[in-house]
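Reading the sequence shown from the start, the letters are residues 78 to 166 in the numbering used here.
Just so you know, even glycine gets a beta-carbon here, dropped at the ideal spot from N, CA and C.
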Amino acid sequence: MKDNAPIKITIQNAFNKVLKKAWTFEDHQQGKEVELCNEWVVAIAQDASIFYDYEKLGWKVMQYQQQFSNGFIRQWVNFKNSNYKKRRQ
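This is the structure we're talking about:
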């Protein structure tokens, strides 16, 4: 969608900034999270190709939403390396 081009670039820049940071052992197990503002959630709902671009690059991308009892809704995206396999204990 052409209307969302500037916001798509903003979202991708935020994702890239988080993904470029050094990864710790915990990051490999749990992934890295990026909090989503409401504007980003709407843009992603209209154009999910943002996620497909990262999946093509080898990332497992999941979008989550959690609602708290006080009405607050937390929305975030989690990135994991699709090649990472958790070691069995």
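Checklist entry - So who's on the other strand from Q140, going by DSSP bridges? => result V154
Checklist entry - Taking P83 as the reference, which of E103, N155 and A120 has the closest Cα? => result A120
Checklist entry - Name the DSSP beta bridge partners of E112, please? => result W153
Next on the checklist: On a Cα-Cα basis, can you pick out the residue from F92, N160, T87 and G135 that is closest to W153?
Outcome noted: F92
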